[in-house]
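Novice: So the protein lines, in turn, are chains B and V.
According to our numbering, the first sequence is numbered sequentially starting from 11.
According to our numbering, the second sequence is numbered sequentially starting from 11.
Before I ask anything, let me first share the structure, which is written out below as structure tokens.
Number of protein chains: 2
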Amino acid sequence: MSHLTKDRILDAARDLFVEHGEGAVTMRAVASLAGVSTMAAYRHFPNREALLLAVMEHGHDKFLAAMSRALSAAGPLERLIASGDAYLNFALANPRDYELMFLRPAQVDLMCAPLAWRDAATFRFLVDRVAECMAAGILHGEDPEMLAFSIWALVHGMVALYLTHKLAADEPTFRALYVSALTAALARA
Amino acid sequence: MSHLTKDRILDAARDLFVEHGEGAVTMRAVASLAGVSTMAAYRHFPNREALLLAVMEHGHDKFLAAMSRALSAAGPLERLIASGDAYLNFALANPRDYELMFLRPAQVDLMCAPLAWRDAATFRFLVDRVAECMAAGILHGEDPEMLAFSIWALVHGMVALYLTHKLAADEPTFRALYVSALTAALARA
DNA sequence: ATCAAACTGTGTACAGTGTACGCATTGCCC
DNA sequence: GGGCAATGCGTACACTGTACACAGTTTGAT
Chain B
11 MSHLTKDRIL DAARDLFVEH GEGAVTMRAV ASLAGVSTMA AYRHFPNREA
61 LLLAVMEHGH DKFLAAMSRA LSAAGPLERL IASGDAYLNF ALANPRDYEL
111 MFLRPAQVDL MCAPLAWRDA ATFRFLVDRV AECMAAGILH GEDPEMLAFS
161 IWALVHGMVA LYLTHKLAAD EPTFRALYVS ALTAALARA
Chain V
11 MSHLTKDRIL DAARDLFVEH GEGAVTMRAV ASLAGVSTMA AYRHFPNREA
61 LLLAVMEHGH DKFLAAMSRA LSAAGPLERL IASGDAYLNF ALANPRDYEL
111 MFLRPAQVDL MCAPLAWRDA ATFRFLVDRV AECMAAGILH GEDPEMLAFS
161 IWALVHGMVA LYLTHKLAAD EPTFRALYVS ALTAALARA
């Protein structure tokens, strides 16, 4: 059954990736963990990079699902803040996924449609949250995209600096920094 | 003269890195470009990672030098803004160096003293600029480190999103975004 | 001046990597 | 049954990092 094999290979790749990082995702290790020959993997993925991209898509879906759970919050501002928290929590809970999705220098030529779509979805989600707040008069300004970008950059920057150890702080301290920096930014917008 | 050989090897590594990216920095290619045998490189660098780290240190020095040139601006706020511009300009002019220094998931065990020092230097430089502005009453708040972190995160986030192609904008548009996001953040601090 | 030790560079060799190619097996449609 | 496409496998090759043993050179002590 081809479909199952493909899934087993992808699962194996995901396991290795989440557990031991990108370097551990070798075609041989993946195939062996999936219980198939090395070359069987090439029947389902043209090359290693494509396999990693598939892992990445999966991560994106998990990520977007986590973000969309923030929509259950009561008001527009609560939804925006919950989205930020969901973003941070996902990044801290799934550092390797976050790294693969957002920290890696993406090869433009591999920017296939499904991935570009997922990238854009992250941004549009945030733009919608900001626009919601603006419509409700909670945030001021007339360009939600602009403000959304600032917020994304701020949160992404904090997360990136933390994950790459540029910030000498333990997790609780970092979370505190995050909260005060983000609320300060929002309070003034 | 060993010293010259080491420099030739490092230069070759830098050339390959800046020109063709990290993947092109193979021990064989570096050694060949430097005109020595492959294993000669191992006489001067314990392994490939150490060679890359040396390239990274060099990048950091270039970076800190570029930043410190911002100190010639007139007032505290001008110096802070010039620092931000220097940061952005360096990142756009040397994307691979920036990527190696600030985007890469740093292996904690390789965080040797010289690198940690250089990392901290970036942050302290920014803290000093912010403290200067606070002392002059141009920026408000009592924790320069906190504000400096926010600013760094914002700028790093914008640069990172741009360099990893998460932002669908050409360079002029991005620079405009940068200016308005940063001045907005500063205007309110 | 001599000799030993340290230093520097080389060639060879090996294990691990991605992956091209061709063959075997299977399931499916006519 | 007779093709036939899809799937999986084994082998082979080029390229990687780097361990190891060796050769030439420099240095320092006697």
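Backbone N, C-alpha and C fix where the C-beta goes; we use that ideal spot for every residue, glycine too.
So which of B:Leu157, B:Val140, B:Ser160, B:Lys16 has the shortest CA-CA distance to B:Gly85?
Specialist: With distances taken between Cα atoms, B:Gly85 lies closest to B:Val140.
Novice: Could you tell me the distance, in whole angstroms, from the CA atom of B:Ala34 to the CA atom of V:Leu43?
Specialist: Cα to Cα, the separation comes out at about 30 Å.
Novice: Kindly indicate the opening and closing residues of the alpha helix (DSSP H) around B:His68.
Specialist: Per DSSP, B:His68 belongs to the alpha helix (DSSP H) from 58-78.
Novice: Using a Cβ cut-off of 8 Å, which residues of the stretch 153-180 of chain B contact any Cβ in chain V, in chain order?
Specialist: Of all residues in the stretch 153-180 of chain B, Met156, Phe159, Ser160, Trp162, Ala163, Leu164, Val165, His166, Gly167, Met168, Ala170, Leu171, Leu173, Thr174, His175, Lys176, Leu177, Ala178 have a Cβ within less than 8 Å of some Cβ in chain V.
Novice: In chain order, what residues of the same chain have a beta carbon less than 7 Å from the beta carbon of V:Lys16, not counting five sequence neighbours either side?
Specialist: Excluding positions up to five away in sequence, the list reads His54.
Novice: Measuring straight from C-alpha to C-alpha, what distance separates V:Leu98 and V:Phe159?
Specialist: So the alpha carbons of these two residues sit roughly 16 Å apart.
Novice: What is the DSSP secondary structure of B:Met11, reduced to helix, strand or coil?
Specialist: The predicted model places B:Met11 with a pLDDT of 49, which falls under 50 and marks its position as unreliable, so this point remains unresolved.
Novice: Please tell me whether B:Phe27 has its Cβ less than 8 Å away from any Cβ of chain V.
Specialist: Not one chain V Cβ lies under 8 Å of B:Phe27.
Novice: Where do the ends of the alpha helix (DSSP H) carrying B:Leu90 lie?
Specialist: It spans 86-103 - the alpha helix (DSSP H) in which B:Leu90 sits, taken as one unbroken run.
Novice: Since V:Pro115 is in the alpha helix (DSSP H), which residue starts that stretch and which ends it?
Specialist: Segment: none, V:Pro115 is in no alpha helix (DSSP H) and carries neither H nor E.
Novice: Taking Cβ positions only, does V:Phe112 come closer than 8 Å to chain B?
Specialist: Cβ-Cβ to chain B under 8 Å: yes for V:Phe112.
Novice: Cutting at 6 Å between CB atoms, please list the residues of its own chain near V:Leu196, excluding the five before and the five after it.
Specialist: Correct list: empty, nothing qualifies.
Novice: By a C-beta neighbour count over all protein chains shown, 10 Å radius and 16 as the cutoff for buried, is B:Glu181 buried or exposed?
Specialist: Exposed, because fewer than 16 other Cβ atoms sit within 10 Å of the Cβ of B:Glu181.
Novice: Alpha helix (DSSP H) containing B:Val165: first to last residue?
Specialist: That run of the alpha helix (DSSP H) goes 154-173.
Novice: Using only the alpha-carbon positions, how far apart do V:Ile91 and V:His150 sit?
Specialist: So the two alpha carbons sit approximately 16 Å from each other.
Novice: Can you tell me where the alpha helix (DSSP H) with V:Arg53 in it begins and where it stops?
Specialist: Run containing V:Arg53: 50-54, per the alpha helix (DSSP H) assignment.
Novice: Please report whether the beta-carbon of V:Met11 lies at a distance below 8 Å from any beta-carbon of chain B.
Specialist: Only weak support exists for where V:Met11 lies, its pLDDT of 46 falling under 50; the value from the coordinates is given anyway. It does not: the Cβ of V:Met11 has no partner Cβ on chain B nearer than 8 Å.
Novice: Where does V:Ile148 fall in DSSP's three states?
Specialist: V:Ile148 falls in the coil class under three-state DSSP.
Novice: Let me see if you follow: with CB-CB separation under 8 Å, is B:Arg139 close to chain V or not?
Specialist: No, its Cβ sits nowhere closer than 8 Å to a Cβ of chain V.
Novice: Considering Cα atoms alone, identify which of V:Glu152, V:Phe27, V:Lys176, V:Ala51 is closest to V:Leu14.
Specialist: The option with the nearest alpha carbon to V:Leu14 is V:Ala51.
Novice: Residues in the same chain with beta-carbon distance under 6 Å from V:Met168, minus the five sequence neighbours each way, listed in chain order, please.
Specialist: The answer, listed in chain order, is Tyr188.
Novice: For the alpha helix (DSSP H) containing V:Thr36, list its first residue and its last residue.
Specialist: Element bounds for V:Thr36: n/a, residue is neither H nor E.
Novice: On the criterion of 16 or more Cβ atoms from any shown chain inside 10 Å, does V:Thr183 qualify as buried, or is it exposed?
Specialist: With fewer than 16 Cβ atoms within 10 Å of its Cβ, V:Thr183 is classed as exposed.
Novice: Closer than 8 Å by C-beta to B:Ala191: which residues in its own chain qualify, once you throw out the five before and the five after it? Chain order, please.
Specialist: Same-chain partners within the cutoff: Leu164, Met168.
Novice: Going along chain V, which residues have a C-beta under 8 Å from B:Ala191?
Specialist: By Cβ distance, chain V contributes Met156, Phe159, Ser160, Ala163.
Novice: Go to B:Val46, then tell me how far its alpha helix (DSSP H) extends in each direction, as first and last residue.
Specialist: Where B:Val46 is concerned, there is no enclosing alpha helix (DSSP H), given that its DSSP letter is neither H nor E.
Novice: Nearest to V:Arg128 by CA position, among V:Leu26, V:Asp71, V:Ile19, V:Leu81, is which residue?
Specialist: The shortest C-alpha separation from V:Arg128 is found at V:Asp71.
Novice: Using a cut-off of 7 Å between C-beta atoms, extract the partners of V:Glu109 located in chain B.
Specialist: By Cβ distance, chain B contributes Pro115.
Novice: Whole-angstrom Cβ separation of V:Arg24 and V:Gly45, contact assumed at under 8 Å?
Specialist: Actually they do not touch by this definition, with Cβ atoms about 15 Å apart.
Novice: Could you pull the start and end residues of the alpha helix (DSSP H) that V:Ser190 belongs to?
Specialist: Start and end: 181-197.
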